[in-house]
Each structure stands twice: as structure tokens, then as C-alpha cells.
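To keep things clear, I will list the structure first and then write my remarks on it.
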DNA sequence: GATAAAACCGCAAAAAGATGCATATATTCA
DNA sequence: TGAATATATGCATCTTTTTGCGGTTTTATC
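Residue numbers (this note's numbering), protein chains in the order written: chain A, -1 to 246; chain B, -1 to 246.
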């Protein structure tokens, strides 16, 4: 069997079945595994497939979601960086949806090894591209607006969970009215998340400070930490610090 | 034997068998391998064939190696169109992951109003962009390779579901060995889906016909329908039709 | 952190390719 | 026709490519 022939066979197999094992290929074509590895390396260099430990994956299989324009991106990146520092190896972390959470997902250091539990499709999408993170998706009916699972199934599943940390993408926050939101189902999920976590962290750009929405999520007293893009000493944050919340 | 004669013989052989070995040609025509090599070099320069170490490949053969982004995309689109016709308003539809399923998701007519239950992140992502489809995501641990939920949670949830239709993205299908796959967890999920559905539809490009993988999903008899990109009367499908499966 | 599988490295043998040259065959032109 | 010339072929030799194997290192997974 000629080398090119072999390689085109490999390409066919990998595109056909999304994944191939070097062992299988070696047996099917009756050559040593070294030869297969050399082929795979060569083809990976030509961008024809993705080489992984033990075999190869099809290129077309790993589609990723196009990230559209995100409002106040830089602020959110800053918040994400601050939030990362709270996560330690081995933790169970709950996250909601929202663009700030997505930025957090992107900012996670590669060596971090933790379990992320989420209800957000885009967030889950980011997490699975991280090398050392275990992803648990709490499924149920998916809300088209917020792209998260909503409904009784999620809430009852959250009741059975005890997480170390919960990151809330924040819609509106105010000293007097606490956290508020505008979607009944999302609020239900957030409430359940808050109850399921030891520490509750709200990620909020300063623009959202001192705003309110129609539906209440929780009082400020339920929050452990508030993270914004500005310095914790900023005067904007004084009222929040006074409530006893840790402000980062 | 004249040079021209020899070369036209070579061309016939290479187009007939897609590949030729210099050794074989040399013996068949009783000339030295050097002569064959010189012939092959000459013909390669004239673009009549592709020369490789040890022999040559036909031009058309090499064209099929050219990598599209999503493998066999057109075939998958055709399959998706056929599959759409099975879905009626109000149905509960189960779907696995895989690129063919994504094509199905994209091909759904906008006025279709149904409930889709899935374990695949990319598929869920497509469904939520559809105006009239209710999306239910069955959550659990997310497999990074296949981008679907796997584990006992999914399986037990599936046990509590009765769907009208189940679309299986197919990895390998064979009359004798039935549906097979290469990932244990994925197989578990597929099995549960099959049990949870009145009708089970396998979506499979013809290239996957008569191939097998290591882990068995189910026998052909479990399938209600098989959809490929070719005409149902195609002779390739005869063995499948004979098992009693509906072939579209 | 132990363990087994996979990847890597270097080497050597086998196969294939290139090159120079002698010889054989074909072609041309007087 | 036949000598001169051009082309083609085979062979010996050397180089390059390809491949498998033993030993070591790295990686995954529990």
C-alpha cells in the first residue's frame, strides 16, 4: 500500500467517523503504529485533521460558535480576570449565562482544573474547549432569549447541588432593591443557584450599578462578592462596600 | 513494445485501478523499473497522473482527497431535506449529535412547530435559532469529544421520555453488525434514545454503509427508517431494504 | 502518584529514486 | 541504402525515502 493511498484512507476514515484510533488504523492497513503516527503528524501539519493522543479527530467536527459583538467587552474582560482569581483547583463552580460569564470562560487559565456546572449553552460551549475543566450541563427547556435552561427540572436539580462558588451574570443591581432581572424563568434559576452555593459572586459592569428591573432575584445580603471593572476603592462602590459585601 | 504503447498501457492501468506499482508494471511489460520510472515522471509532468514513491495514482483519485470543510456536505444536506419531511407539527423529536444532525437542524422549515429534545450542544444551538421550535436539552456531564451530554443522568431521563421520532447521526452501519460507534458513553445515550422513540431514523451518508466500529449500538431491526443521499432504489441499499427497513 | 498506553528518538534495513554511462534501437538525410 | 545522429533502455552505483523495532520519555487515567 502506497503512502498517499494510506493517507487518503485515513482521511476518509476520520471524516467518516469523526475519530480514528492509531491502533485500529494500524491493524486495518497492516502497518506499524509508528507509520500511522507519522502519517497523522504529517497530515496534521497540513491541517487535514487534528491529531490527539491515541489517534486523530476530524477537522470539521469541532465547530465553534461565532462570538458576535459584545457590549463593553474590555470591562467584561477585566471583570473576568478578577473573577478567575477566586477559582481554585478542584472547586465546583456554578455559572449562569450572559456575555460577562462567557468572557470569564475564555479567561480561565489553562492549567485550572475544576468542575463547572452551567445552564448556559454558550458558556458550556466555551468550557468544553478548556483542557482541564469538567463540564456539567443542567438541562431542561431552553430559553431562546437567554440561551439557558429554564424550568422546574433545573431548579430541582440545583436543589441537590452544593457548589463552592457561584458566578452570576448580573442584569441589574442596586443597594436598595438588590439583584433584579426581567425574565421570570431566569430568576427562578438564579435563585436556585444562589441557594446551592457557599459563595455567591455577582459580575457586573458599573453601568449596571444602581439600576433595577422588575423581578427580584435576591437581596444584596445574599451576595458574598461583587466584581466590577473599576478599582474597589472607587466611590461608586462605597454604598456596596458598606453593606458588608466584599468588593473586588 | 514501443514507448507510446507502454505509456498508454500505464495510463489505462492507473485509471482502472486508481494506483499502479512500478514493480508490477515493470514485470507486466518486461522492462526495467528505471524505464517505468522515466515513463511515470514524464507522464506526471504532463499531468496525466500523480507520481508517488513506489508507483503512481490516478488524477481523479487524488481529487477526492481534497478536503472540504464539512465532509460530504452536499450529501448531508440532501439527507437533511429528506429527514425534514418526516417531522410533523407538534411532534416530540429526539436527536443525537454529529454534523448530519446539524444540517438537519439548519434545514428545518421555519413554519415547523415541534419540540426537539437533544443532548448535543451544537444541535441545541441551532434549534434555538429556529422561530417555532421548543428546545429541551438533556443535561449531564458534557463529553468534550462529541460535544454531547453523557452519563447516567441522561440515560435515566431518556427512560422517562416517549418521543415520536428519533434521528440518529450514524457513525457506522452494516447489515450484519447493525449500528456501531466508537465511544462507549455515546453508545449508551443512543441506546436509551432508541428505546425512548416510536420511530428510529438513521441518517447516514452512503460512505458509512457497510462499515463497522468497535461498539455496538443496536441491530438493524431496531431501526424504522434509513435515510441516505442516494435514491432508495439504488442497488447499494438493496441489502438494507431486504431487512424490512424503510429506506428513503 | 502509580501504571499502562502512546509518543518520541535513533537506528538500520529494505525499497525506491537519481545519475552516469554503455549499449541498443530508431530516425534522418545524403 | 547506409552512415550519422538522436533517442531509448538497462545496468551499476550512490542517495533518499520509508518503515519497523528497541529503548526511553511523555501522557492520560484512575
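Glycine included, every Cβ here is placed at the ideal spot set by N, Cα and C.
Taking Cβ to Cβ, would you say residue i is nearer than 8 Å to residue j?
| i | j | result |
| --- | --- | --- |
| residue 116 of chain B | residue 122 of chain B | yes |
| residue 8 of chain B | residue 24 of chain B | no |
| residue 218 of chain A | residue 173 of chain A | yes |
| residue 101 of chain A | residue 148 of chain A | no |
| residue 178 of chain B | residue 197 of chain B | no |
| residue 27 of chain B | residue 4 of chain B | yes |
| residue 189 of chain A | residue 152 of chain A | no |
| residue 183 of chain B | residue 141 of chain B | yes |
| residue 47 of chain B | residue 56 of chain B | yes |
| residue 18 of chain B | residue 12 of chain B | yes |
Using only the alpha-carbon positions, how far apart do residue i and residue j sit?
| i | j | result |
| --- | --- | --- |
| residue 168 of chain A | residue 138 of chain B | 25 Å |
| residue 91 of chain B | residue 77 of chain A | 40 Å |
| residue 228 of chain B | residue 71 of chain B | 14 Å |
| residue 154 of chain B | residue 1 of chain A | 47 Å |
| residue 233 of chain B | residue 239 of chain B | 10 Å |
| residue 158 of chain B | residue 193 of chain B | 10 Å |
| residue 93 of chain B | residue 118 of chain B | 8 Å |
| residue 213 of chain A | residue 171 of chain A | 11 Å |
| residue 44 of chain B | residue 53 of chain B | 16 Å |
| residue 85 of chain B | residue 209 of chain B | 28 Å |
| residue 221 of chain A | residue 42 of chain A | 48 Å |
| residue 203 of chain A | residue 106 of chain A | 19 Å |
| residue 205 of chain B | residue 103 of chain B | 21 Å |
| residue 133 of chain B | residue 231 of chain B | 35 Å |
| residue 207 of chain A | residue 245 of chain A | 13 Å |
| residue 191 of chain B | residue 95 of chain B | 12 Å |
| residue 176 of chain A | residue 211 of chain A | 10 Å |
| residue 243 of chain A | residue 51 of chain A | 46 Å |
| residue 160 of chain A | residue 195 of chain A | 6 Å |
| residue 128 of chain B | residue 180 of chain B | 31 Å |
| residue 124 of chain A | residue 150 of chain A | 25 Å |
| residue 83 of chain B | residue 199 of chain B | 12 Å |
| residue 79 of chain B | residue 237 of chain A | 59 Å |
| residue 38 of chain B | residue 49 of chain B | 6 Å |
| residue 30 of chain A | residue 36 of chain A | 10 Å |
| residue 16 of chain B | residue 109 of chain B | 47 Å |
| residue 120 of chain A | residue 14 of chain B | 50 Å |
Assuming residue i and residue j are in contact, meaning their beta carbons sit under 8 Å apart, how far apart are those beta carbons, in whole angstroms?
| i | j | result |
| --- | --- | --- |
| residue 81 of chain A | residue 165 of chain A | 6 Å |
| residue 226 of chain A | residue 235 of chain A | 7 Å |
| residue 89 of chain B | residue 163 of chain B | 6 Å |
| residue 130 of chain A | residue 111 of chain A | 4 Å |
| residue 97 of chain B | residue 74 of chain B | 6 Å |
Pull the bridge partners of residue i from the DSSP assignment, please.
| i | result |
| --- | --- |
| residue 200 of chain A | A:166, A:224 |
| residue 214 of chain B | B:178 |
| residue 140 of chain B | B:147 |
| residue 132 of chain A | A:113 |
| residue 50 of chain B | B:53 |
| residue 17 of chain B | B:55 |
| residue 171 of chain A | A:177, A:207 |
| residue 7 of chain B | Paired residues: none, contrary to the question. |
With a cut-off of 8 Å, does the C-beta of residue i fall near any C-beta of chain A?
| i | result |
| --- | --- |
| residue 1 of chain B | no |
| residue 226 of chain B | no |
| residue 139 of chain B | yes |
| residue 63 of chain B | At residue 63 of chain B, the pLDDT of 47 sits below 50, so the modelled position is not reliable; the number obtained from the coordinates is stated separately. Yes - at least one Cβ of chain A is within 8 Å of the one on residue 63 of chain B. |
| residue 12 of chain B | no |
| residue 74 of chain B | no |
| residue 56 of chain B | no |
| residue 209 of chain B | yes |
| residue 238 of chain B | no |
| residue 170 of chain B | yes |
| residue 106 of chain B | no |
Taking 8 Å as the CB-CB cut-off, is residue i touching chain B?
| i | result |
| --- | --- |
| residue 119 of chain A | yes |
| residue 132 of chain A | yes |
| residue 51 of chain A | no |
| residue 21 of chain A | no |
| residue 174 of chain A | no |
| residue 17 of chain A | yes |
| residue 160 of chain A | no |
| residue 69 of chain A | no |
| residue 145 of chain A | yes |
| residue 194 of chain A | no |
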